[in-house]
Amino acid sequence: MNGNSMIATTIRSTMGIGEVIQHLIEHGCRDITDKLEVSRISHHPTAWGGFGTVYRSRLQNGTLVACKYLRSDNTDVSDGCKTLKRTAREVYAWSKCNHPGILPLYGIARIDEHLAIVSPWMKHGSLSSFLRRNSSFNRFQLCLQLASALEYMHSHEIVHGDIKPDNIVVSDDGTLMFTDFGNAMLGYNVTLQFTATSSPVTLRYTAPEILMGDSTHTKEGDVYASGMALFEMLTGEVPFANKSNIATVYPVINGQIPDRKDFLLQNKTIGDQLWDLLTKCWAYDPKARPSATELNEQLTLIG
172 MNGNSMIATT IRSTMGIGEV IQHLIEHGCR DITDKLEVSR ISHHPTAWGG
222 FGTVYRSRLQ NGTLVACKYL RSDNTDVSDG CKTLKRTARE VYAWSKCNHP
272 GILPLYGIAR IDEHLAIVSP WMKHGSLSSF LRRNSSFNRF QLCLQLASAL
322 EYMHSHEIVH GDIKPDNIVV SDDGTLMFTD FGNAMLGYNV TLQFTATSSP
372 VTLRYTAPEI LMGDSTHTKE GDVYASGMAL FEMLTGEVPF ANKSNIATVY
422 PVINGQIPDR KDFLLQNKTI GDQLWDLLTK CWAYDPKARP SATELNEQLT
472 LIG
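Printed below as a string of C-alpha cells:
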C-alpha cells in the first residue's frame with residue numbers, strides 16, 4: 172500500500188466494527204482478541220467516567236489487563252456507530268505514543284460486538300485517587316514526569332485534549348502515565364483519518380478559548396490544562412474546588428484563575444516560583460503560555 176492510498180483512508184460513522192478493526196490493523200494497531208481470556212473479564216466495571224467504562228481481565232499468559240469500552244448514552248444505532256468511531260480514533264492516536272510517561276497500549280479486542288481498548292492493569296488507579304491514598308508521595312517528582320510526557324507528545328505533534336489527574340494513572344513503581352486519548356489530535360504522519368466527531372471536555376480544566384468555542388484542542392490548551400492538573404497535584408484540591416463544574420465556566424472565560432493555596436511540598440522555598448509558572452500556564456492569551464518544552468525546562472530548574 173503506497174503512502175497516498177493510506178492517507179486517503181478515512182473511518183466514518185457508517186462503518187461496521189469489522190471494517191473499523193481491519194483499518195486499524197492496516198495502520199499499525201494490534202488485534203489481540205485471540206490473546207484475551209474473555210471469560211475472565213470482570214462482571215462489574217472497576218472504573219467509569221466520561222464515555223469510558225473499564226473492566227479487569229487477563230491475557231492467556233496470565234497478564235492482568237484493563238479493557239476499556241467507550242459507551243453511548245442511548246440505544247440509537249447512529250450513536251453507537253459514533254461511539255465505535257470515537258474508540259477507533261482513541262486507539263489510533265494512542266498507538267502513536269511511546270514514552271515512559273504514557274501508558275502502553277497492548278491493542279484492541281472484539282468482544283460481544285464491542286471494540287475494547289486493552290492496556291496494562293494499573294492497580295493504583297488514577298493519579299487523583301493515588302494521591303488521596305498516598306498524601307506524602309513526592310508530588311514534585313510526579314510534576315516533572317507530567318511535563319516530560321507532555322513535551323514528548325507535543326514534540327511528536329500529538330495534542331492530548333483532555334489532561335486531568337483522572338486521565339493519568341500511576342504504575343507499580345510510582346511512574347506517572349497518561350492515558351485516555353479520546354480527544355487527541357495528531358499533527359503529521361497521519362495515515363488514518365476520521366470524519367468530524369464532537370469532543371467532550373472537562374470544564375474545570377479547559378482553557379477559556381475552548382470553552383468559548385474559539386478554538387479546538389491545541390498545544391496551548393494542553394498547557395493550560397496541565398497547569399490545572401499541576402495545581403491539583405501540588406495542593407490536593409481540584410481547581411475552583413468551591414464551584415461545580417458548570418459554575419467554573421463563567422469565571423474562566425472572564426480570566427479568573429484559581430486562588431493560591433499552600434503546596435504540599437517538603438521544600439517550601441519554591442512555592443513562589445511554582446505559582447508564577449502555573450499562572451503563566453493559565454495566561455488568557457494562548458500565545459502567552461509557555462510551550463511544553465519551556466514548562467518542562469522551568470520545572471526542572473525550580474527543582
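In the working numbering, the protein residues as written are 172 to 474. Just so it is clear, CB atoms sit at the ideal spot from N, CA and C, and this is done for glycine as well. Bear in mind the structure is a predicted one, so any value in this text is a computation, not a measurement.
Assigned exposure category for residue i - 16 Cβ within 10 Å defines buried
i	result
Asn338	buried
Met348	buried
Asn309	exposed
Gly223	buried
Lys256	buried
Thr185	exposed
Glu322	buried
Glu261	buried
Ile118	Lying outside 172 to 474, the shown extent of the chain, residue 118 is not represented and no answer is given.
Asp443	exposed
Asp351	buried
Glu197	exposed
His214	exposed
Glu391	buried
Gly332	buried
Pro461	buried
Pro336	buried
Asn232	exposed
Asn354	buried
Contact check, residue i vs residue j, beta carbons under 8 Å
i	j	result
Cys268	Ile329	yes
Ala396	Pro457	no
Val340	Leu298	yes
Asp202	Gly278	yes
Ser290	Val236	yes
Leu313	Met404	yes
Ala287	Leu195	no
Asn438	Ser319	no
Met293	Ser342	yes
Met356	His327	no
His325	Ala463	yes
Phe434	Thr406	yes
Glu284	Ile192	no
Start-to-end residues for the alpha helix (DSSP H) that takes in residue i
i	result
Gly189	Ile188 to Glu197
Ile339	No alpha helix (DSSP H) holds Ile339; the beta strand (DSSP E) holding it covers Ile339 to Val341.
Val423	Val420 to Ile424
Thr180	From DSSP, Thr180 is part of no alpha helix (DSSP H); its letter is neither H nor E.
Leu168	The structure shown has nothing for residue 168, since the chain only spans 172 to 474.
Gln469	Ala463 to Ile473
Residue range of the beta strand (DSSP E) that includes residue i
i	result
Ile282	Gly278 to Ile282
Ala400	That residue, Ala400, is in no beta strand (DSSP E); its alpha helix (DSSP H) goes Lys390 to Thr406.
Thr217	Thr217 -> no beta strand (DSSP E), and no H or E assigned at all.
Ala237	Leu235 to Leu241
Thr224	Gly223 to Arg229
Leu347	Leu347 to Phe349
Residues near residue i in its chain [Cβ-Cβ closer than 8 Å; skip 5 each side]
i	result
Thr419	Leu374, Arg375, Pro410 and Phe411
Pro216	Thr224, Val225 and Tyr226
Ile212	Tyr226, Arg227, Ser228, Cys238 and Ile282
Proximity test, residue i beta-carbon vs the ligand COA heavy atom, cut-off 7 Å
i	result
His285	Annotation note on the ligand COA: not contained in the displayed structure, which lists no ligands.
Close beta carbons around residue i, own chain, < 7 Å, minus the five adjacent residues each side
i	result
Ile428	Thr450 and Trp453
Phe138	For residue 138 there is no data in the structure shown, the boundaries of the chain being 172 and 474.
Tyr263	Leu195, His198, Cys200 and Leu363
Pro480	With the chain represented from 172 up to 474, any question about residue 480 goes unanswered, as that position is not in the structure.
Other residues of its chain near residue i: CB distance less than 6 Å, five sequence neighbours each side excluded
i	result
Gln316	Gly272 and Leu347
Thr246	The predicted model places Thr246 with a pLDDT of 45, which falls under 50 and marks its position as unreliable, so this point remains unresolved.
Ile441	Ile473
Inside the region 437–461 only - alpha helix (DSSP H) runs reaching at least 4 residues | 442–452
Write down every uninterrupted run of the beta strand (DSSP E) in the region 268–332 whose length is 3 residues or greater and which is fully enclosed by it, in chain order.
-> 278–282 and 285–291
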